[in-house]
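Protein chains in written order, with this note's numbering: chain A, 125 to 230; chain B, 3 to 123.
Each residue gets a CB set at the ideal place from its N, CA and C atoms; glycine is no exception.
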Amino acid sequence: MVVTQSPDTLSVSPGERATLSCRTSQTVGTYFAWYQQKPGQAPRLLIYDVSTRAAGIPGRFSGSGSGTEFTLTISNLQSEDFAVYYCQQYNKWPPAFGPGTKVDVK
Amino acid sequence: EVQLVQSGAEVKKPGESLKISCKGSGYIFTNYWIGWVRQMPGKGLEWMGIIFPDDSDTRYSPSFQGQVTMSADKSTNTAYLQWSSLKASDSAIYYCAKTPLTTVTTNFDYWGQGTLVTVSS
């Protein structure tokens, strides 16, 4: 199972929308999550089961997709949202993360 | 409040052994799997394996099978990751994380702060 993310880096201005993509080499149903990692910090769960926001995650984060293609959308990007985002499939063994997309300031 | 507190940074020489820990609190430790994730310097996240503290059922990613050993002590709510003979390529940050469900294939909802392991002669 291969998990890929695009783009590697996404440059966005504060207040704009960021769209991050992830693709799996096999279908994974709804067993899909997104994490955010800021420098020097542990990853944080944002979205699980494709589109369910984790506890405390703001509504500007949304997940969508099915089958092998998934999207994380961050609306009205805030300064605290500049970070690296990882996707994860947990349908096929072993669960696997994508290589990450860095969202930086345009 | 759910917390996973990991042991401190380690500096070791190649060939040495090491055991790092992850202590859970604020939830029923034996009800959820604890996973380990490696992050090499400047790189992404790698899923290593997972252990169910209640019965120590352990599943390893093929990439890490035979390279590390996971264990758990439910009397102290602590999970462990150990190496018998470290290599320079084991230098990384290691995170523990808990699952939100009792199923083995799931995401991680809470993470430890990470343990930096440096292996250098």
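Cβ neighbour criterion (16 or more within 10 Å) applied to residue i
| i | result |
| --- | --- |
| aspartate 205 of chain A | buried |
| glutamine 161 of chain A | buried |
| threonine 78 of chain B | exposed |
| threonine 154 of chain A | exposed |
| methionine 72 of chain B | buried |
| glutamine 150 of chain A | exposed |
| threonine 225 of chain A | buried |
| lysine 100 of chain B | buried |
| tryptophan 1 of chain B | Because chain B spans 3 through 123 in this model, residue 1 of chain B falls outside it and cannot be assessed. |
Cβ neighbours of residue i in the same chain (closer than 7 Å, five flanking residues each side left out)
| i | result |
| --- | --- |
| valine 127 of chain A | Cys146, Thr148, Cys211, Gln213, Ala220, Phe221 and Gly222 |
| phenylalanine 66 of chain B | Met50 and Gly51 |
| serine 58 of chain B | Ser73 and Ala74 |
Length of the line joining the Cα atoms of residue i and residue j
| i | j | result |
| --- | --- | --- |
| isoleucine 198 of chain A | tryptophan 158 of chain A | 12 Å |
| serine 186 of chain A | methionine 50 of chain B | 27 Å |
| glutamate 140 of chain A | glutamine 8 of chain B | 37 Å |
| alanine 142 of chain A | leucine 134 of chain A | 8 Å |
| leucine 88 of chain B | glutamate 18 of chain B | 5 Å |
| threonine 192 of chain A | serine 63 of chain B | 21 Å |
| glutamine 84 of chain B | aspartate 132 of chain A | 33 Å |
| isoleucine 22 of chain B | aspartate 92 of chain B | 13 Å |
| aspartate 228 of chain A | alanine 207 of chain A | 7 Å |
| proline 138 of chain A | serine 203 of chain A | 6 Å |
| threonine 13 of chain B | phenylalanine 110 of chain B | The sequence as given places valine at residue 13 of chain B; threonine does not occur at that position. Spanning the two alpha carbons is a distance of roughly 27 Å. |
| glycine 180 of chain A | serine 190 of chain A | 24 Å |
| threonine 107 of chain B | phenylalanine 156 of chain A | 11 Å |
| arginine 168 of chain A | lysine 45 of chain B | 16 Å |
| threonine 105 of chain B | serine 130 of chain A | 29 Å |
Three-state class that DSSP yields for residue i in the structure shown
| i | result |
| --- | --- |
| alanine 166 of chain A | coil |
| serine 130 of chain A | strand |
| serine 203 of chain A | helix |
| serine 91 of chain B | helix |
| threonine 32 of chain B | helix |
| arginine 40 of chain B | strand |
| arginine 147 of chain A | strand |
| isoleucine 52 of chain B | strand |
| tryptophan 113 of chain B | strand |
| threonine 107 of chain B | coil |
| glycine 46 of chain B | coil |
| tryptophan 217 of chain A | coil |
| aspartate 173 of chain A | coil |
| arginine 130 of chain B | The structure shown has nothing for residue 130 of chain B, since chain B only spans 3 to 123. |
Expected contact under 8 Å - CB spacing of residue i and residue j to nearest Å
| i | j | result |
| --- | --- | --- |
| glutamine 41 of chain B | alanine 90 of chain B | Not really, about 16 Å apart at Cβ, beyond 8 Å. |
| threonine 60 of chain B | lysine 25 of chain B | Threonine 60 of chain B to lysine 25 of chain B, Cβ: 18 Å. No contact. |
| valine 152 of chain A | asparagine 200 of chain A | Going by Cβ atoms, the distance from valine 152 of chain A to asparagine 200 of chain A rounds to 29 Å, so no, they are not a contact pair. |
| proline 16 of chain B | valine 121 of chain B | 6 Å |
| alanine 166 of chain A | glycine 116 of chain B | 6 Å |
| isoleucine 53 of chain B | isoleucine 30 of chain B | Their Cβ separation, rounded to whole angstroms, is 15 Å, which puts isoleucine 53 of chain B and isoleucine 30 of chain B out of contact at 8 Å. |
| tyrosine 112 of chain B | valine 4 of chain B | 5 Å |
| leucine 47 of chain B | valine 119 of chain B | At roughly 15 Å, the Cβ-Cβ gap does not stay under 8 Å, so leucine 47 of chain B and valine 119 of chain B are not in contact. |
Contacts around residue i, its chain only, beta-carbon distance under 8 Å, and the 5 residues preceding and following it disregarded
| i | result |
| --- | --- |
| glycine 183 of chain A | Arg177 |
| aspartate 56 of chain B | Thr32, Asn33 and Lys76 |
| leucine 103 of chain B | Tyr34 |
| serine 188 of chain A | Val174, Ser175, Phe194, Thr195 and Thr197 |
Residue i: CB within 8 Å of a non-hydrogen atom of the ligand HEM
| i | result |
| --- | --- |
| tyrosine 34 of chain B | Only the bare structure without any ligand can be found here, which leaves the ligand HEM out of the picture. |
Cutoff 6 Å; reference residue i; Cβ partners in own chain excluding five residues on either side
| i | result |
| --- | --- |
| glycine 114 of chain B | Leu6, Gln8, Cys24, Tyr97 and Cys98 |
| aspartate 173 of chain A | Thr154 |
| glycine 164 of chain A | none |
| leucine 144 of chain A | Leu196, Tyr209 and Thr225 |
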